[in-house]
Amino acid sequence: MKVIKISIPGFTYDVFIGNVLTKLINYVDFQQEVLVITDENVYNHHFHKLIEVIPIKHVFILSKNPEQDKNILMYEKCVDYALKRVLDRKLTVIAFGGGAVGDFAGFFASTYKRGVRLINLPTTLLAHDSAIGGKTALNVGNVKNAIGTFYQPEVVLYHTPFLKTLPYIEFTNGFGEILKHDLLTNGVLFKMLLNDSFNLEDVLSNQELLDEIIYQGIFVKKFYIERDPYEMKGEREYLNLGHTLGHALERLYNLKHGIAVSIGIGFDLFLSDSSYILPYMETIKKLGILTSGYDLSLELIIDILKNDKKNRNDKLMFIGLKDFGKPFHLELTTKEFTVKFSEFMRLYL
Ligand SMILES: NC(=O)c1ccc[n+]([C@@H]2O[C@H](COP(=O)([O-])OP(=O)(O)OC[C@H]3O[C@@H](n4cnc5c(N)ncnc54)[C@H](O)[C@@H]3O)[C@@H](O)[C@H]2O)c1
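Given below as structure tokens:
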């Protein structure tokens, strides 16, 4: 088992990684009500393991595609569910699922009766990112994460055996953010992946290695959120490596978040003239993160980028990375983006 302590002004909480589900009993007050928010897949695969540890009366279940339910309509249904059961301010919410469930349950916990206790039980690889740092969100219309709060959990229990039932595509999805965290430090994992005999299956079948990789990823996130907990100083923005282009691709082409971000990271390395661009693109191809045959429209991408919340003074904002662990802010005019992205598409996609 591994532990990381997150400390930001006013809040300290532990993130336990490994075989850690039974720790839940230490964080639940059996005199008070508990509401588990989950989705159908996680419920079917793993709910029986949860009730072996604590008794649960109240469960609110999102669909098998929880991203579609991360919205105000479903939020209202959840509030209604809680009110009908007369759940009061002493309620504990357990967010039991991936990033979509986590964002939804976190938003609910931060607003129900002006805020109730929150415990995160992440179940996807991508959630090594989303379950830490306190960002919660709902989508509104087709605008992703249009509303949200900062709200810290009391503990994060990352019971990694839950990951065994995750479909392979969700592993590659989560691995995009794992690689991002690795590049933002020392690129150790990236260098391992350059070795021809090393592949993603090796990582997935080795629980100890997987726990270590997750630990390293969370450690990088800790570093940035502790320096800039509310994204006010610009440092937490470095975690947006790959996200400017990534968010546009995710929205336009229905790509999974981590997969879109992986392509975005390639573009950021390209913009930064990094010598790692070619090995990076080859690596994400080898891992099955990057597939071929993208038919991308420059015009549509630019339309989305123009509304990116990170833009400043009419400039598009990217995160540059030339050497491991040394991110920087990078601004482009739309014209500069057009030239650079056309070249990137021609060379790498
Ligand atoms: N709050 C943050 O800081 C933050 C950071 C990154 C991403 N996000 C958000 O996270 C979301 C993406 O998260 P995600 O990739 O975890 O997606 P997800 O929550 O949609 O889960 C992906 C799929 O995996 C299934 N699943 C989850 N756990 C499983 C398990 N153990 N076994 C089998 N199936 C399982 C789910 O039912 C779903 O179909 C997006 O909404 C994104 O905006 C938030």
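In the numbering used here, the protein residues as written are 795 to 1143.
Glycine included, C-beta positions come from ideal geometry on N, C-alpha and C.
Computed from a predicted model, the values in this text were never measured in an experiment.
| Query | Result |
| --- | --- |
| Of the residues Phe1122, Ile888, Leu983, Leu1081, the one placed nearest Gly1028, counting alpha carbons only | Phe1122 |
| Under 8 angstroms between C-beta atoms of Asn859 and Leu932 | no |
| Straight-line Cα distance separating Lys1129 from Ile811 | 45 angstroms |
| Residue burial classification, Phe1112 (beta-carbon count within 10 angstroms, cutoff 16) | buried |
| Nearest neighbour of Gly1036, chosen from Lys1080, Leu1115, Asp1022, Val1014 [CA to CA] | Leu1115 |
| Euclidean distance between Cα positions of Asp1005 and Val1014 | 14 angstroms |
| Neighbour-count burial assignment, Arg911, 16 or more Cβ in a 10 Å radius | buried |
| Alpha carbon of Gln862 to alpha carbon of Phe890, nearest angstrom | 17 angstroms |
| Cβ pair Gly1058, Ile1071 closer than 8 angstroms | no |
| Meets three-Cβ-pair contact criterion under 8 angstroms: the segment 974–981 and the segment 1032–1048 | yes |
| Near ligand 1: Asp1005 beta-carbon under 7 angstroms from a heavy atom | no |
| Distance, Asn1105 Cα to Thr943 Cα | 21 angstroms |
| Runs of beta strand (DSSP E) wholly within the segment 813–854 (minimum 3 residues, chain order) | 828–833 |
| Candidates Asp1108, Phe1064, Leu1110, Lys1103, of which the one nearest Leu1143 by Cα | Phe1064 |
| Where Thr930 falls: helix, strand or coil (DSSP) | strand |
| Asn1190: first and last residue of the uninterrupted alpha helix (DSSP H) it sits in | Nothing can be reported for residue 1190, as the shown portion of the chain is limited to 795 through 1143. |
| Distance between Tyr945 and Arg1030 (C-alpha atoms, nearest Å) | 16 angstroms |
| Proximal residues to Leu1049 (C-beta, below 6 angstroms), its chain only, five neighbours per side dropped | Leu1043 |
| Local conformation of Glu1029 per DSSP, three classes | coil |
| Cα-Cα separation, Met795 to Thr954 | 10 angstroms |
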